[in-house]
Structure formats: C-alpha cells, structure tokens
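When you read off a place in the sequence shown, starting at 1, and then add 403, the result is the number in the working numbering. Every residue, glycine too, gets a C-beta built ideally from N, C-alpha and C. Model, not experiment: these values are computed from the prediction. A short write-up of the structure that comes next.
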Amino acid sequence: MVNGPLLLTIAVLGGTGKEGKGLAYRWARAGYRVLIGSRTSEKAVKAASEIMTLLEGSASVVGTTNLEAAQQADISVLTVPYSAHRATLESVKDALKGKLLVDVTVPLVPPKVSKVQMPTAGSAAQEAKEIVGSEVEVVAAFQNVSHEHLLGEEQVECDVLVTGTSKKAREEVLKLVEAAGLTGWDAGPIENSVVVEGLTSVLININKQYGSTHAGIRITGAPRK
Ligand SMILES: NC(=O)c1ccc[n+]([C@@H]2O[C@H](COP(=O)([O-])OP(=O)(O)OC[C@H]3O[C@@H](n4cnc5c(N)ncnc54)[C@H](OP(=O)(O)O)[C@@H]3O)[C@@H](O)[C@H]2O)c1
C-alpha cells in the first residue's frame, strides 16, 4: 500500500451524500487525491466541483462513477445508506481486489433508526467482508461521526473507533482519521464493528431526547502514544 498523502488516491463511493462529501473535503484539504463516486457521473462531477470551490481550487477532487472511482483508487470508502450497501458493493467488488475498503455504513433500518437492528452477518462491515471476499481488507470507521461539521473548519467533537480485518489495515485507516482532523483509536477486529455501528443508533437516540444534532463519543483514560 502506498504511503504519503500526495501519492494516495481515495475513492469515496456515494461521496455525493452528506457524510461522504464531508470526508472527501477533509481528505482533499489534507493533500490526498480524492475521487467522488456516484451512480451518475454528472452528480459526482457537481459534488467534486463544490469541494474544489470550498478549497479554492487548491486540491485534487474529481467526480466519476462508483466503479471508475474504485478502479482508480488505492483505498475506497463506502458512504451509502444501508439499503444501497449490498448493491453498491456488488457493483465495485472486482475493482477492490488487493486493496482496502473502508466501510462507513450504519445498518439503520428506517423508520426506527434510534433502535439497534444489526444484520445477520453481525454488522454492515462484516456483511461487506462477506460480499467482497478474502482478497479485500475491510475496515469499519467514522460511523459515529455526524456529517454536521465535516464540511468546514470546526473541530469535530467525536473520536473514531477503527475496527477491521488486520492491524496493518486499521493503521492505514488511522492515518486517514488523523488527516481528517479527528482522533482515532484502534478498536480491534472487525467483529467489534457490531458495537461501533450499534452505537450510532444510541447517539441518534440521544440527539432526539436532548435536542442535539451531532452527539459523539470520546475515549477517556487511555494515553495517546
Ligand atoms: N449523515 C451522517 O451524519 C452519517 C454519520 C455517520 C455515518 N453515516 C452513514 O454513512 C452512510 C451515508 O450516509 P449519508 O447521510 O451520507 O447518506 P445519503 O446522503 O442519504 O446518501 C449518500 C449517497 O448514497 C447514494 N445513494 C443513496 N440512495 C441510494 C440507493 N438507493 N442506491 C444506491 N446509492 C444510493 C447517493 O449517491 P448517488 O445518488 O450519487 O449515487 C447518495 O448521495 C450511511 O450508511 C450512514 O448511516 C452517516
């Protein structure tokens, strides 16, 4: 895997949406080459142009289809609603072989999004692993980070728990967390993503009950290296 922001290309699949566009903005700002993926390239080109405008042209953001983005990228980041999770992965899985997939998907089942409802695979990330197969490392991250403050300079008050199929892959994604201006924690194997994904419904519940829009989590009591 390539190291160093300027050499690394990140595809954000579904990057036209709220969470994906915010993450894409942050990685572009940090110097990564970013590809916005969409079902329609026109929509992706528009989203890429919006990010380039925000960054006053001093970045590399290009819009294209999800498949082309995944083909060209070193790392693909999936940011689509759970209802589109399987179909999107099926459409790009051949392009992911030998690479790293970061799954941001939370398996919310509307209308009861404040209730934890996990899929039979355990979590969306474990389901992703089943779909993409043994040749793809899968890391789950960012599920607890609201999009609200990603598209801007504001400090995001939420840590990122990173789980995944190998320590090396988790370390790679922890670099992306830091590049996005957030604090990440290696939270262990992909099986642990069940808890992290489920936590999002807990945060949505808290938002509803306390009138907030972006409740988050912080890890305390653990020293940073
Ligand atoms: N929003 C948040 O604050 C937040 C926070 C943490 C985690 N997440 C998770 O991140 C993921 C994305 O959330 P979001 O709020 O960014 O979602 P979103 O804005 O509703 O959708 C993201 C993108 O997914 C694609 N999409 C939507 N419906 C689709 C369908 N039926 N089939 C295929 N593609 C479809 C669309 O891209 P195209 O039309 O361009 O293809 C859309 O722009 C979700 O799993 C969510 O749970 C979100």
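- Shown here, residue 425 sits in a helix according to DSSP, grouped into three states.
- With contacts defined as CB atoms closer than 7 Å, residue 550 and residue 425 qualify as a contacting pair.
- Using a cutoff of 6 Å, the CB of residue 621 does not count as near ligand 1, since none of the ligand's heavy atoms is closer than that.
- Residue 497 sits in a helix when the DSSP states are folded into three classes.
- For residue 484, the shortest separation between its Cβ and any heavy atom of ligand 1 lies below 6 Å.
- If the five residues before and after residue 496 are omitted, its C-beta is found closer than 8 Å to the C-beta atoms of 534, 535, 536 and 539, all from its own chain and listed in chain order.
- Taking 6 Å as the cut-off, the C-beta of residue 420 counts as close to a heavy atom of ligand 1.
- Going by DSSP, residue 505 is part of no alpha helix (DSSP H) but of the beta strand (DSSP E) stretching over 503-506.
- Counting of Cβ neighbours within 10 angstroms places residue 556 among the exposed residues, the total staying below 16.
- Non-local C-beta neighbours of residue 436 in its own chain, meaning closer than 6 Å and more than five positions away in sequence, comprise 412 and 463, ordered along the chain.
- Of all alpha-carbon atoms in 476, 600 and 627, the one lying nearest the alpha-carbon of residue 518 is that of 600.
- The alpha helix (DSSP H) runs of length 4 or more contained entirely in the region 560-623 are, from start to end of the chain, 570-582 and 596-613.
- For residue 549, the distance from the CB to the nearest heavy atom of ligand 1 is below 6 Å.
- For residue 512, there is no enclosing alpha helix (DSSP H), as DSSP gives it neither H nor E.
- DSSP links residue 436 through a beta bridge to 412 and 463.
- Excluding sequence positions up to five before and after residue 586, its CB lies within less than 6 Å of the CB of 562, all in the same chain and listed in chain order.
- For residue 532, the number of other beta carbons within 10 angstroms of its own is at least 16, and it is reported as buried.
- In the DSSP assignment, the residues bridged to residue 540 are 503.
- Not one heavy atom of ligand 1 falls within 6 Å of the beta-carbon of residue 614.
- Counting along the chain, residue 448 sits inside the alpha helix (DSSP H) bounded by residues 444-457.
- For residue 498, the closest alpha carbon among the candidates 619, 479 and 514 is that of 479.
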